[in-house]
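*Asks:* Here it is, the structure, as structure tokens.
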Amino acid sequence: MTPRDITKRPTMVDVAQLAGVSHQTVARVLNGSIHVDPKTRSLVEDAVLKLRYRKNPTARALATRRTMNIGVVSFGLSLYGPSLSLFGVVEAARQNGYATTLSALENVNKDSMRSALEHLAHSPVDGIICLAPYQGIADMLQEQAPNVPIVAFEPGVVAGTRSVAFDEVLGARLATRHLIGQGHESVWHVSGSPGWLGTDTRIRGWHAELSAAGKVAYPVIEGDWTARSGYEAGKLISTDRRITAVFVANDQMALGVIKALAEEGIRVPENVSVVGYDDVPEAAYYRPSLTTVRLDFNDLGRRCLQQVVGLIEGEPQPMPLLQPDLIVRDSSHAGCLP
8 MTPRDITKRP
18 TMVDVAQLAG
28 VSHQTVARVL
38 NGSIHVDPKT
48 RSLVEDAVLK
58 LRYRKNPTAR
68 ALATRRTMNI
78 GVVSFGLSLY
88 GPSLSLFGVV
98 EAARQNGYAT
108 TLSALENVNK
118 DSMRSALEHL
128 AHSPVDGIIC
138 LAPYQGIADM
148 LQEQAPNVPI
158 VAFEPGVVAG
168 TRSVAFDEVL
178 GARLATRHLI
188 GQGHESVWHV
198 SGSPGWLGTD
208 TRIRGWHAEL
218 SAAGKVAYPV
228 IEGDWTARSG
238 YEAGKLISTD
248 RRITAVFVAN
258 DQMALGVIKA
268 LAEEGIRVPE
278 NVSVVGYDDV
288 PEAAYYRPSL
298 TTVRLDFNDL
308 GRRCLQQVVG
318 LIEGEPQPMP
328 LLQPDLIVRD
338 SSHAGCLP
């Protein structure tokens, strides 16, 4: 290698030559395509490390006539799921040579969604990722930006090339099934805010599992995702001694439920079992530690970025539903039954 070779910035062609593959294959690996043989991917990644190759966003933008910028619509950044999903998008975008432009929503409703999408659709972006799971979002996306590649996080849909989703119905069923399996006569549900896809899918999963077990589904206790609304729900739950098991639509509300029950002298799990949803980092340190449904929000964000890049580059890739896991801790166990 000559002195000039040492000082010259390595190119994608250099990576391809060292790995023994085409530069198109290198591009697919760097863009996170799943249609690459694992052995080939390893060769490319080794070559990237050896050459210390870094993407040149400016050159890439000139060559492709793209802005190398992805618009992101998000909401509720004080909440665990939205904030971690956004981090996953931004980190994956950076690794793929893209910048991000954020449009953060204070309130998730049709007017704010329409305004944010219209703004980004007329901004210099190559694609848009929508992390605001609101009912009717698919039609709104089509209306506001018909010519811009868009990927949406849509809980409860059949995931495809334009959507990424958790199987939230399954997650709710896992939580409800766990409580039914302990012998509870029924499971009450504290829901999220009305109009949210996540609220609807968790209610559907809860109801479906109760129906499958031949159990009565009592009226939903409505929350708004906050610990305060969970606390208020817990106060209501404490007045009905029939209630021995509660599935709560997120961990923040579950914390509120547990606090309210404790204030009324109702012990968790000895008197009432509580299961949350999300598995926030603090869930293991609640008192008692919280049984909950784990969702990998960071992975969700990364997959959204992978999907939109695939659309931009003409390689759309159907994405399977992301699977939840039930994490059993101390807030639920069979010993709470009389």
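With our numbering applied, the sequence shown has no gaps in its numbers, which climb one by one up to 345 at the end. In this text, a Cβ means the ideal position worked out from N, Cα and C, and glycines have one as well. All of these numbers come straight from a predicted model, not from anything done at the bench.
1) Once the 5 residues before and after T298 are set aside, which same chain residues still bring their CB inside 6 Å of it?
2) Would you kindly check if the distance between the Cβ of F82 and the Cβ of L109 is under 8 Å?
3) Output the boundary residues of the beta strand (DSSP E) element that contains T251.
4) Determine contact between the segment 304-312 and the segment 82-92, defined as no fewer than three beta-carbon pairs at a distance below 8 Å.
5) I think Q330 touches D174, with their Cβ atoms under 8 Å apart; what is that distance to the nearest whole Å?
6) Using 8 Å as the threshold, is the segment 247-263 in touch with the segment 191-201, meaning 3 or more CB pairs across them?
7) Taking only runs of the alpha helix (DSSP H) that begin and end inside the segment 88-121, which ones reach a length of at least 4 residues, in chain order?
8) Beta-carbon of D306 versus every beta-carbon of chain B: anything under 8 Å?
9) I need the straight-line Cα distance from A219 to Q24, nearest angstrom please.
10) Comparing C-alpha positions only, which one of C137, K242, Q189, D285 sits nearest to R209?
11) Kindly indicate which three-state DSSP category D332 falls into: helix, strand or coil?
12) How should L69 be labelled, buried or exposed, when 16 other C-beta atoms within 10 angstroms of its C-beta is the threshold for buried?
13) Could you pull out every unbroken beta strand (DSSP E) segment of at least 3 residues lying fully inside the segment 258-315, listed in chain order?
14) Candidates Y60, R59, T32: which alpha carbon is nearest R48's?
15) With R310 and V171 assumed to form a contact (beta carbons below 8 Å), what rounded beta-carbon distance in angstroms separates them?
16) Since L268 and S296 are thought to touch, with beta carbons under 8 Å apart, how far apart are those beta carbons, to the nearest angstrom?
17) Identify the continuous beta strand (DSSP E) that holds W213 and give its terminal residues.
18) Secondary structure at G27, three-state DSSP: helix, strand or coil?
19) I'd like to know whether the C-beta atoms of D231 and S280 end up nearer to each other than 8 Å.
20) Would you tell me roughly how many angstroms separate the C-alpha atoms of E98 and Y105, rounded to the nearest one?
21) Taking H30 and V43 to be in contact with their CB atoms under 8 Å, please state how far apart those CB atoms are, rounded to whole angstroms.
22) The ligand ATP heavy atoms versus the CB of G321: any closer than 7 Å?
23) Around the Cβ of D332, are there at least 16 other Cβ atoms within 10 angstroms (buried) or fewer (exposed)?
24) Label R35 either buried or exposed according to how many other C-beta atoms from any shown protein chain fall within 10 Å of its C-beta, with 16 as the threshold for buried.
25) Looking only at its own chain, which residues have a Cβ that is under 8 Å from the Cβ of Y238, when we skip the five neighbours before and after it?
26) Mapping the DSSP letters down to three states, classify E229 as helix, strand or coil.
27) Should N257 be labelled buried (16 or more other beta-carbon atoms within 10 Å of its own) or exposed?
28) Between L93 and L138, is the Cβ-Cβ spacing less than 8 Å?
29) List the DSSP bridge partners of H196.
30) Tell me whether A261 is buried or exposed, calling it buried when 16 or more other Cβ atoms sit within 10 Å of its Cβ.
31) Looking at the structure shown, is A128 part of a helix, part of a strand, or coil, going by DSSP?
32) Exposed or buried, D53, counting other C-beta atoms within 10 Å across all chains shown (16 or more means buried)?
*Replies:* The relevant details are as follows:
1) Closer than 6 Å at the Cβ level, and outside the excluded window around T298, lie V282, V335, R336, S338, S339.
2) It is not a contact, given that the beta carbons lie outside the stated cut-off.
3) Per DSSP, T251 belongs to no beta strand (DSSP E) and is neither H nor E.
4) The segment 304-312 vs the segment 82-92: in contact.
5) About 6 Å separates the Cβ atoms of Q330 and D174, confirming a contact at the 8 Å cut-off.
6) Using a Cβ-Cβ distance cut-off of 8 Å, the segment 247-263 and the segment 191-201 are in contact, since at least three pairs of beta carbons, one from each stretch, lie closer than that value.
7) As far as the segment 88-121 is concerned, it has no whole alpha helix (DSSP H) run of at least 4 residues.
8) Absent here is chain B; the protein component of the structure consists of one chain.
9) Their backbone Cα atoms lie some 58 Å apart in a straight line.
10) Of the listed residues, the one whose Cα sits closest to R209 is D285.
11) Looking at D332 - three-state DSSP - the assignment turns out to be strand.
12) Residue placement at L69 cannot be trusted, given a pLDDT of 46 that sits under 50; what the coordinates show is reported in the next sentence. L69 should be labelled exposed.
13) For the segment 258-315, whole beta strand (DSSP E) runs of length 3 or above, ordered along the chain, are 280-282, 299-301.
14) For R48, the nearest C-alpha among the options comes from T32.
15) Contact annotation, R310 with V171: C-beta distance approximately 5 Å; criterion of less than 8 Å satisfied.
16) So it is not a contact: roughly 15 Å between Cβ atoms.
17) Counted as a single uninterrupted DSSP element, the stretch harbouring W213 is not any beta strand (DSSP E) but the alpha helix (DSSP H) occupying residues 204-219.
18) If DSSP states are grouped into helix, strand and coil, G27 belongs with coil.
19) Contact flag unset, no.
20) Taking the straight line from one Cα to the other gives about 10 Å.
21) In fact, because the Cβ distance is near 13 Å, the residues do not count as touching under 8 Å.
22) This structure lacks the ligand ATP, and indeed carries no ligand of any kind.
23) With fewer than 16 other CB atoms across the displayed protein chains lying within 10 angstroms of its CB, D332 is exposed.
24) Its Cβ being crowded by 16 or more others within 10 Å, R35 is buried.
25) Once the five neighbours on either side are set aside, the close Cβ partners of Y238 are G263, V264, K266, A267.
26) Strand, per DSSP.
27) With at least 16 other beta carbons inside 10 angstroms of its own, N257 counts as buried.
28) One thing to note: L93 has its Cβ within 8 Å of the Cβ of L138.
29) Paired residue(s): F254.
30) With 16 or more other CB atoms across the displayed protein chains lying within 10 angstroms of its CB, A261 is buried.
31) In the structure shown, A128 falls within a helical segment according to DSSP collapsed to helix, strand and coil.
32) With fewer than 16 Cβ atoms within 10 Å of its Cβ, D53 is classed as exposed.
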